[in-house]
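Number of protein chains: 2
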Amino acid sequence: MSAPFDPTRTGAAALAALYRQGVTDPVTVTRLYLDRIAALDGQVRAFNQVLEVQALHAAAASAGRWASGRPLSDLDGVPLAVKANIAVAGAFWHAGIAAYRDRVAPRDADCVARLRDAGAIILGIVNMHEGALGATTDNVWFGRTQNPLRAGLTPGGSSGGSAACVAAGMAAAALGSDTMGSVRIPSAYCGLAGYKPARRAISIDGVIPLSTTLDHVGVHGRTVADCALVAAHAGALSPPGPTRLSGLRLASPDWRSRVDAPDPIWAARDAAAARLLSAGMAALDADLTNYQPGQARRLGLLVSEVEGLNAHAAQLATGDDGFSPEFLSLLRWGGKQPATKVAAAYQGLDEIRLAGLAWLDTLDAVLLPTAPQTAFAFSDPVPANQADFTALADFIGCPAVAVPAGLSPDGLPLSVQVMGRDAAIVLAVASALE
Amino acid sequence: MSAPFDPTRTGAAALAALYRQGVTDPVTVTRLYLDRIAALDGQVRAFNQVLEVQALHAAAASAGRWASGRPLSDLDGVPLAVKANIAVAGAFWHAGIAAYRDRVAPRDADCVARLRDAGAIILGIVNMHEGALGATTDNVWFGRTQNPLRAGLTPGGSSGGSAACVAAGMAAAALGSDTMGSVRIPSAYCGLAGYKPARRAISIDGVIPLSTTLDHVGVHGRTVADCALVAAHAGALSPPGPTRLSGLRLASPDWRSRVDAPDPIWAARDAAAARLLSAGMAALDADLTNYQPGQARRLGLLVSEVEGLNAHAAQLATGDDGFSPEFLSLLRWGGKQPATKVAAAYQGLDEIRLAGLAWLDTLDAVLLPTAPQTAFAFSDPVPANQADFTALADFIGCPAVAVPAGLSPDGLPLSVQVMGRDAAIVLAVASALE
């Protein structure tokens, strides 16, 4: 088989043209991905379950539609992977928690059903940090997913399997979920684009929650266009973005005193800002005054932990087998906090959201680093501040896109994040950085 | 003094024309209100503090501006009362709690400063249910405010002093606050209009909080126009509303199985709906499916109690003197609830808000009763469901207006409530019912 489609270089949005022109077809491409999974996933360990039969069946149907000139959408025949907390009918649905190891989803999550209605092919279920509460995807039950760019490094998390499978060319794009950064951080560590649409733009129906207050469904892809295409068919359709950036207001706030990150992280952001200004964006000196990422993180974690305890209460009522001591201790710590502290966390996040919305209303896009570090070794201590740039967009509920921004001195991907009120603008600005 | 302005019949919005024409002037009107307070408030007990010197000083300045043809706004020279949880510089600022009995506000609340900038005159501070957590204004520390329409009945609450002083012609309009219905319920019981703008449309800066999540500042007035005028100058400016209602979609959902209210309450709502349909509105069969007011009330109360405990934590750390046992027991009950239950309350309210916004997006206005009962005797048991029609607009954060809707068989005011996404439309629909 000579593949005219190179899964290590191009992704979801390129496929429709190839199918339309008959250069390749969904069965060939699906087989290509399944072959790569078979060849590579023994090392990467991104997949919890490969849905080979289902995928080939769907690919054959898609091929028939393309052959007859009647594809369902530009996503018809595009092979995707789905994070293990998002329901795919007939597949395992466990959120990386062994207690749910044998649970099979009775029906598709809303977003998965929409993607299938658009013709997407589900290749399988991918690994995640246990319960989505953590950012290394070093899962004691389902294995440690490796960063495909360098073995021994984390792919990030919690959607580590989603990012790793796309980065390794084992899927054209992947669904993930993002509570404080769980789509954007692994996309950053793996050199991908990652898109978290506005809150509930993609339904959380059929997603095992960590925090219904903060959970967002998002997409990992090679390009911003790949992410936008999948997100649009998953429910987050945004209108066409501006074709020119000139005049759009860009804030690149100086958070050096707020988030501890090495120079190359800031240099990548500053270089990206310079490119956007060269493209005609107008620099705006506008910051979210008084926002302290470290303090806000604690509020978000507390809300996630207590809501996570609520999410798993029914299972825990039958016993705590299949929950790791680490995960359980986080949930239980949250559950032991006084009512007033919990309420204060919600009150604090609410004020951040209101102030954040008012801030974003004064500008078109904010540019920040995606993460305060590049991918690190599993043997290294886990930095506490991984989500200190990303969590704000979950608190506000606004769209945010992580986009690659070159390599660090040691050859690992750097990433910057674009956030704002308007998804179309955010996507257009992020695309301009590719 | 022959007063061409009758404070028992007309209110805030009528004054500018009278001042402009020189029919009367702000000093005369302010004296009229102060005289009525002196004559009537011994019975009504609406005022905690009358700011006679301040008010007359402000009235003289206003009179000078009108005389020179340079009023600050159409609110210049309009005498208002302010609920005791809203800061008026130099006045008592205690939220009906004896622990703060001697506290004097160091500066105006944002909304009060705006009203003063527009020329409004602050007559004084009015009574409220202790801590804004309750709806009778039977305040153990500051007295029981009577319903001016019938002694022995509650004026409602928590903004009972605000409604009572306007209903008794002791102020042209009044500021209140509304956490689950605290502006609209007393306006209903006292035969007034009551307007709660969208969340934070009027800042809560300078308002002693009950719940920062649910608190809204609102206005009590004789007419919807009075309320809208004051609200606009307090920060909640809305564009001009539609001049015709034809074609606007009106939902009048049947909540008879959800809220226990006697027939005259429903009849008033149905009659109001019929009037709006006659005016050209289109009946829309759209309900907020699954919304259970009684269950939702418990979520809102829990959030209010825990956040109230946070609001008063600093004072309580010095001892609980000056907090009534009833108020304290509510706050402390909230503080004793488990973290998971508190989080579940926030999660539940959040889902109500999202579903409510989606519901309101399908229509222009919702018409419901304001309260499930008319004003009741202080000697009667307090109904648990007083806020079961009003709380939803606080949960959603949308504008809502209570407007008089005739009299019950026993001669007490009935009221209906209009809510929706668009303040201008909500105000226009409510005005059409006057």
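Heads up: the protein sequence lines correspond to chains X and F, in order.
Just remember that this note's numbering sits 663 ahead of the position in the first sequence, which is counted from 1.
Just remember that this note's numbering sits 663 ahead of the position in the second sequence, which is counted from 1.
Glycine included, each C-beta is placed from N, C-alpha and C at the ideal position.
Exposure of F:T1037, with buried meaning 16 or more beta-carbon neighbours within 10 Å: Start at 1 with the first residue of the second sequence, and residue 1037 of chain F comes out as number 374. Label assigned to F:T1037: buried.
I believe F:A1065 touches F:R847 by the beta-carbon criterion, under 8 Å. Please report the beta-carbon distance rounded to the nearest angstrom. In the second sequence, residue 1065 of chain F corresponds to position 402, counting from 1. In the second sequence, residue 847 of chain F corresponds to position 184, counting from 1. Sure, about 4 Å apart at Cβ, within 8 Å.
Kindly list the residues whose CB is nearer than 6 Å to the CB of F:D841, restricted to its own chain and excluding five residues on each side of it in sequence; keep chain order. Taking the first residue of the second sequence as 1, we reach residue 841 of chain F at position 178. When the five nearest sequence neighbours on each side are left out, the beta carbons in the same chain lying within less than 6 Å of the beta carbon of F:D841 are those of K859, H879 and G881, in order along the chain.
Could you confirm whether any beta carbon from chain F is found closer than 9 Å to the beta carbon of X:P902? As a first step, residue 902 of chain X is located in the first sequence; it is residue number 239 there, counting from the start. No, no contact with chain F.
Using only the alpha-carbon positions, how far apart do X:R885 and X:P1067 sit? Here residue 885 of chain X is taken as the residue at index 222 of the first sequence, counted from 1. Here residue 1067 of chain X is taken as the residue at index 404 of the first sequence, counted from 1. Rounded to the nearest angstrom, the two C-alpha atoms are 9 Å apart.
Using a cut-off of 9 Å between C-beta atoms, extract the partners of F:Q978 located in chain X. Locating residue 978 of chain F in the second sequence gives position 315, where the first residue counts as 1. What F:Q978 touches in chain X: nothing, since even the nearest Cβ is about 14 Å away.
Tell me the rounded alpha-carbon separation between F:A1018 and F:G963. On the second sequence, residue 1018 of chain F is found 355 positions in, with the first residue counted as 1. On the second sequence, residue 963 of chain F is found 300 positions in, with the first residue counted as 1. Rounded to the nearest whole angstrom, the C-alpha separation of F:A1018 and F:G963 is 16 Å.
Looking at F:A1087: is its Cβ nearer than 9 Å to the Cβ of F:G898? Numbered from 1 along the second sequence, position 424 holds the residue referred to as residue 1087 of chain F. Numbered from 1 along the second sequence, position 235 holds the residue referred to as residue 898 of chain F. Not a contact, by the Cβ cut-off of 9 Å.
Taking Cβ-Cβ distances shorter than 7 Å, what residues in chain A pair up with F:Y954? The question asks about chain A, but that chain is absent: this structure's protein chains are X and F.
Just checking: is the beta-carbon of F:A1086 within a distance shorter than 9 Å of some beta-carbon in chain X? Locating residue 1086 of chain F in the second sequence gives position 423, where the first residue counts as 1. No, F:A1086 does not count as interfacial toward chain X.
Could you work out which residues of chain F lie near X:N973, taking near to mean beta carbons separated by less than 8 Å? For the purposes of this step, residue 973 of chain X is taken as the residue at position 310 of the first sequence. Correct list: T1003, A1006, A1007 and Q1010.
Quick one: using the 10 Å Cβ neighbour count with 16 as the cut-off for buried, is X:P769 buried or exposed? Here residue 769 of chain X refers to the residue found at position 106 when the first sequence is read from its first residue. Around the beta carbon of X:P769, fewer than 16 other beta carbons lie within 10 angstroms, which makes this residue exposed.
Helix, strand or coil: how does DSSP classify X:F668 here? Within the first sequence, residue 668 of chain X is the residue found at index 5, counting from 1. When DSSP states are grouped into helix, strand and coil, X:F668 belongs to the coil group.
Roughly how many angstroms separate the alpha carbons of F:G674 and F:A680, rounded to a whole number? Here residue 674 of chain F is taken as the residue at index 11 of the second sequence, counted from 1. Here residue 680 of chain F is taken as the residue at index 17 of the second sequence, counted from 1. Each residue's Cα considered, the two are about 12 Å apart.
Secondary structure at F:Y954, three-state DSSP: helix, strand or coil? To locate residue 954 of chain F, count along the second sequence from 1; it is residue 291. Coil.
To the nearest angstrom, how far is the alpha carbon of X:P925 from that of X:P1035? On the first sequence, position 262 is the one that residue 925 of chain X refers to. On the first sequence, position 372 is the one that residue 1035 of chain X refers to. The alpha-carbon atoms of X:P925 and X:P1035 are separated by roughly 7 Å.
What residues in its chain sit with their C-beta under 8 Å from that of F:Q1000, if we drop five residues either side in the sequence? In the second sequence, residue 1000 of chain F corresponds to position 337, counting from 1. Setting aside the 5 residues that flank it on each side, F:Q1000 is surrounded in the same chain by L965 and V969, each with a C-beta closer than 8 Å to its C-beta; the list follows chain order.
When you compare each of F:R733, F:G797, F:Q1010 and F:P742 to F:S822 by their alpha carbons, which one comes out closest? As a first step, residue 822 of chain F is located in the second sequence; it is residue number 159 there, counting from the start. The residue with the shortest Cα to Cα distance from F:S822 is F:G797.
Pairwise C-alpha distance: X:D984 and X:V887: Against the first sequence, residue 887 of chain X aligns to sequence position 224. Against the first sequence, residue 984 of chain X aligns to sequence position 321. Pairing X:V887 with X:D984, the inter-Cα distance amounts to about 40 Å.
Please state the DSSP three-state secondary structure of X:F738. Numbered from its first residue, the first sequence carries residue 738 of chain X at position 75. In the sequence under discussion, the amino acid at residue 738 of chain X is Leu, which differs from the Phe named in the question. In this structure, X:L738 counts as coil in the three-state DSSP scheme.
Within 10 angstroms of the Cβ of X:V716, are there 16 or more other Cβ atoms? Answer buried if so, exposed if not. The residue you call residue 716 of chain X lines up with position 53 of the first sequence. It counts as exposed.
Against chain F, with Cβ distances strictly below 9 Å, would X:K859 count as a contact? The sequence position of residue 859 of chain X within the first sequence is 196, counting from 1. Not a single CB atom of chain F sits nearer than 9 Å to the CB of X:K859.
Exposed or buried, which one is X:R764 when buried takes at least 16 other CB atoms within 10 Å? Working through the first sequence from its first residue, we reach residue 764 of chain X at position 101. Classification of X:R764: exposed, given that the 10 Å Cβ count is below 16.
For chain X, is any of its Cβ atoms less than 9 Å away from the one on F:L951? If you number the second sequence from 1, residue 951 of chain F lands on position 288. Cβ-Cβ to chain X under 9 Å: no for F:L951.
Do you know offhand how far F:A977's Cα is from F:L1070's? Residue numbering aside, residue 977 of chain F sits at position 314 when the second sequence is read from its first letter. Residue numbering aside, residue 1070 of chain F sits at position 407 when the second sequence is read from its first letter. Cα to Cα, the separation comes out at about 45 Å.
When the cut-off is 9 Å and only beta carbons count, does F:K999 lie next to chain X? Position 336 of the second sequence, counted from the first residue, corresponds to residue 999 of chain F. At least one CB atom of chain X sits nearer than 9 Å to the CB of F:K999.
If you run the structure through DSSP and keep just helix, strand and coil, what is X:I785? Along the first sequence, one-based indexing puts residue 785 of chain X at 122. Secondary structure at X:I785: strand, using DSSP grouped into helix, strand and coil.
Nearest CA to the CA of F:S967: which residue from F:L947, F:V1005 and F:D1073? Here residue 967 of chain F refers to the residue found at position 304 when the second sequence is read from its first residue. For the residues F:L947, F:V1005 and F:D1073, the minimum Cα distance to F:S967 belongs to F:V1005.
From the beta carbon of X:T1025, is the nearest beta carbon of chain F less than 9 Å away? The residue labelled residue 1025 of chain X in the question sits at position 362 within the first sequence. Interface flag for X:T1025 against chain F is unset, since no Cβ pair is found closer than 9 Å.
What do you get for F:A864, buried or exposed, if any count of 16 or more other CB atoms within 10 angstroms of its CB means buried? Numbered from its first residue, the second sequence carries residue 864 of chain F at position 201. Buried, since its Cβ has 16 or more Cβ neighbours within 10 Å.
Beta-carbon proximity list for X:S1094, same chain, < 7 Å, skipping 5 on both sides: Locating residue 1094 of chain X in the first sequence gives position 431, where the first residue counts as 1. Excluding residues within five positions, the ones whose Cβ falls inside 7 Å are V887 and A888.
F:E793, buried or exposed, once every other Cβ within 10 Å from all chains shown has been counted against 16: To locate residue 793 of chain F, count along the second sequence from 1; it is residue 130. Burial call: buried.
Would you kindly check if the distance between the Cβ of F:Y696 and the Cβ of F:A740 is under 9 Å? Taking the first residue of the second sequence as 1, we reach residue 740 of chain F at position 77. Taking the first residue of the second sequence as 1, we reach residue 696 of chain F at position 33. The question names Ala, but residue 740 of chain F is Gly in the sequence shown. Result no, Cβ atoms of F:G740 and F:Y696 do not sit closer than 9 Å.
Alpha carbon to alpha carbon, how far is F:Q1049 from F:L1077? Position 386 of the second sequence, counting from 1, holds the residue named residue 1049 of chain F. Position 414 of the second sequence, counting from 1, holds the residue named residue 1077 of chain F. Cα-Cα distance, rounded: 14 Å.
Residue(s) in a DSSP beta bridge with F:N802: Working through the second sequence from its first residue, we reach residue 802 of chain F at position 139. F:N802 pairs with F:G806.
Spatial neighbours of X:P1062 within its chain, please: C-beta separation below 6 Å, excluding the five flanking residues on both sides. Taking the first sequence and counting its residues from 1, one reaches residue 1062 of chain X at position 399. The beta carbon of X:P1062 sits closer than 6 Å to those of P860, A861, A1086 and V1089, all from its chain and outside the five residues before and after it, given in chain order.
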